[in-house]
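Enquirer:
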Amino acid sequence: METIGYLGALLMGMSLGLIGGGGSILTVPILVYLFAIDSVVATSYSLFIVGLTSLIGSFSHISRGNIHWRAVVLFGIPSLLSVYTTRHLIVPLIPETLGTIGHFIVTKSIFLLIFFAIVMLLASYSMIHKPRLLQKEEQEEASLRYPVIILEGILVGGITGLVGAGGGFLIVPALVLLTHLSMKQAIGTSLVIIALNALVGFIGSLHWGDVIDWKFLLVFSTISLVGILIGSRLSFKISGTQLKPAFGWFVLVMGLYIIVKELFLK
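Numbering-wise, our numbering comes out as the position in the sequence shown, counting from 1, plus 775.
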């Protein structure tokens, strides 16, 4: 199972390199189901892994001028504040047992996994569905819609902090639709925002007192880094927009599997 898990780490990195998102959507299930890591701890590990991988992956986009720095600031600052607040204050307040439904006990771990699965279903729709604007490879840049971008940043930060998902599936469409960036610029900008969000979210988790397996994190992250470098190379030859629908269907199946397993197969 660990071998399959490390293969998943490679695929996660490739996903980030190719389509600018989807990495954390794979990371949490890999950590929980293949490495048997508690879901709450897995969200912290996911933030570190995806943050570091996205940061390294963004370097090639920076060198190619694919980063819209004004969008990074407008989207990133409210997102960073939201993710840190959620991770540092809100998640620790969630009780270990939220209640019971008949004989079924709703624990914090199950709640986070179900919420994560719902995020996966939303992500799958975002990847499968192709809005007209997202099908254009290049677009003229329009004026930024400041209030909407800020609200979107707060929303993405909250999701990132709660379930350890970087939110690339929300960030890329938002950047294209709200700022009229090209897909290449949106993907590069998304990686910078994901990196900042995830690493700040991980820092917000450090006060919990959990023992962190740094050796495992570094091994997993190193494999993911190899994946994102491969994905970035392939992005010159393969359009990420062509791969998104197929990846979206995979994410849909994974999300449904988590819901069925946590609710009916316990």
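Glycine included, C-beta positions come from ideal geometry on N, C-alpha and C.
Run through the region 835-908 for me and flag every whole alpha helix (DSSP H) of 4 or more residues, listed as ranges in chain order.
Expert: Complete alpha helix (DSSP H) runs here, min 4: 844-860 and 883-903.
Enquirer: Pull up the distance between the alpha-carbon of Leu-1040 and that of Arg-845, whole angstroms please.
Expert: Taking the sequence shown and counting its residues from 1, one reaches residue 1040 at position 265. Taking the sequence shown and counting its residues from 1, one reaches residue 845 at position 70. Cα-Cα distance, rounded: 47 Å.
Enquirer: Just the Cα atoms here: how many angstroms apart are Leu-1018 and Gly-877?
Expert: The residue given as residue 1018 occupies position 243 in the sequence shown. The residue given as residue 877 occupies position 102 in the sequence shown. Rounded to whole angstroms, Leu-1018 to Gly-877 spans 42 Å at the Cα level.
Enquirer: Identify, in the order they occur along the chain, each residue of the same chain with its Cβ nearer than 8 Å to the Cβ of Glu-1037, setting aside the five sequence neighbours on each side.
Expert: For this step, residue 1037 is matched to residue 262 along the sequence shown. The answer, listed in chain order, is Ile-885, Leu-888, Ile-889 and Ala-892.
Enquirer: Between Met-789, Thr-778 and Leu-782, which has its C-alpha nearest Arg-1008's C-alpha?
Expert: If you number the sequence shown from 1, residue 1008 lands on position 233. Of the listed residues, the one whose Cα sits closest to Arg-1008 is Met-789.
Enquirer: Is it buried or exposed for Tyr-921, if we count other Cβ within 10 angstroms and need 16 for buried?
Expert: For the purposes of this step, residue 921 is identified with residue 146 of the sequence shown, where counting begins at 1. With fewer than 16 Cβ atoms within 10 Å of its Cβ, Tyr-921 is classed as exposed.
Enquirer: Distance, Cα to Cα, Val-967 vs Ser-835?
Expert: Here residue 967 refers to the residue found at position 192 of the sequence shown. Here residue 835 refers to the residue found at position 60 of the sequence shown. When rounded, the distance between both Cα atoms is 11 Å.
Enquirer: Threshold first: 4 residues or longer. Then list the alpha helix (DSSP H) segments lying entirely within the region 923-982, N to C.
Expert: The region 923-982 contains these whole alpha helix (DSSP H) runs: 943-954 and 958-980.
Enquirer: The alpha helix (DSSP H) with Lys-1012 in it runs from where to where?
Expert: Mapped onto the sequence shown, residue 1012 falls at position 237. No alpha helix (DSSP H) holds Lys-1012; DSSP gives it neither H nor E.
Enquirer: Considering just the uninterrupted stretch of the alpha helix (DSSP H) at Ile-794, what are its terminal residues?
Expert: As a position in the sequence shown, residue 794 is number 19, starting the count at 1. Note, Ile-794: alpha helix (DSSP H), 777-794.
Enquirer: How many whole angstroms separate the CB atoms of Gly-1030 and Ser-899, which I take to be in contact at a CB cut-off of 8 Å?
Expert: Locating residue 1030 in the sequence shown gives position 255, where the first residue counts as 1. Locating residue 899 in the sequence shown gives position 124, where the first residue counts as 1. Sure, about 6 Å apart at Cβ, within 8 Å.
Enquirer: What's the gap between the Cα of Gly-939 and the Cα of Ser-814?
Expert: For this step, residue 939 is matched to residue 164 along the sequence shown. For this step, residue 814 is matched to residue 39 along the sequence shown. Their backbone Cα atoms lie some 10 Å apart in a straight line.
Enquirer: Less than 6 Å between C-beta atoms, sequence neighbours within five positions excluded: which residues of the same chain meet that for Phe-810?
Expert: In the sequence shown, counting from the first residue as 1, residue 810 sits at position 35. These residues qualify, in order along the chain: Gly-780.
Enquirer: Quick one, are the C-beta atoms of Leu-937 and Ile-852 less than 9 Å apart?
Expert: Residue mapping note: residue 937 aligns to position 162 of the sequence shown, counting from 1. Residue mapping note: residue 852 aligns to position 77 of the sequence shown, counting from 1. For Leu-937 and Ile-852, no; Cβs fall outside 9 Å.
Enquirer: DSSP on Val-986, reduced to helix/strand/coil?
Expert: Counting from 1 along the sequence shown, the entry for residue 986 is found at position 211. Reduced to three states, the DSSP call for Val-986 is coil.
Enquirer: What whole-angstrom Cβ distance do Ile-725 and Ser-829 have, given they're in contact under 8 Å?
Expert: This structure does not reach residue 725, given that the chain is present from 776 up to 1041, and the question cannot be answered.
Enquirer: How would you call His-904, buried or exposed, if buried means at least 16 neighbouring beta carbons within 10 angstroms?
Expert: Position 129 of the sequence shown, counted from the start, is the residue given in the question as residue 904. Classification for His-904: exposed.
Enquirer: Measure from the alpha carbon of Gly-943 to the alpha carbon of each residue in Pro-870, Ala-961, His-955 and Thr-954, then state which is nearest.
Expert: For the purposes of this step, residue 943 is taken as residue 168 along the sequence shown, with counting starting at 1. Residue Ala-961 is the option with its Cα nearest to Gly-943.
Enquirer: Inspect the beta-carbon positions of Leu-1004 and Gly-832 and report whether they are closer than 9 Å.
Expert: Translated into positions along the sequence shown, residue 1004 becomes position 229. Translated into positions along the sequence shown, residue 832 becomes position 57. In this structure, Gly-832 lies closer than 9 Å to Leu-1004 by Cβ.
Enquirer: Taking the beta carbon of Ser-996 as the centre, do at least 16 other beta carbons fall within 10 Å, making it buried, or is it exposed?
Expert: Residue mapping note: residue 996 aligns to position 221 of the sequence shown, counting from 1. Under this definition Ser-996 is a buried residue.
Enquirer: Could you give the C-beta distance for Lys-883 and Leu-896, rounded to a whole number, given that I count them as a contact under 8 Å?
Expert: Along the sequence shown, one-based indexing puts residue 883 at 108. Along the sequence shown, one-based indexing puts residue 896 at 121. In fact, because the Cβ distance is near 21 Å, the residues do not count as touching under 8 Å.
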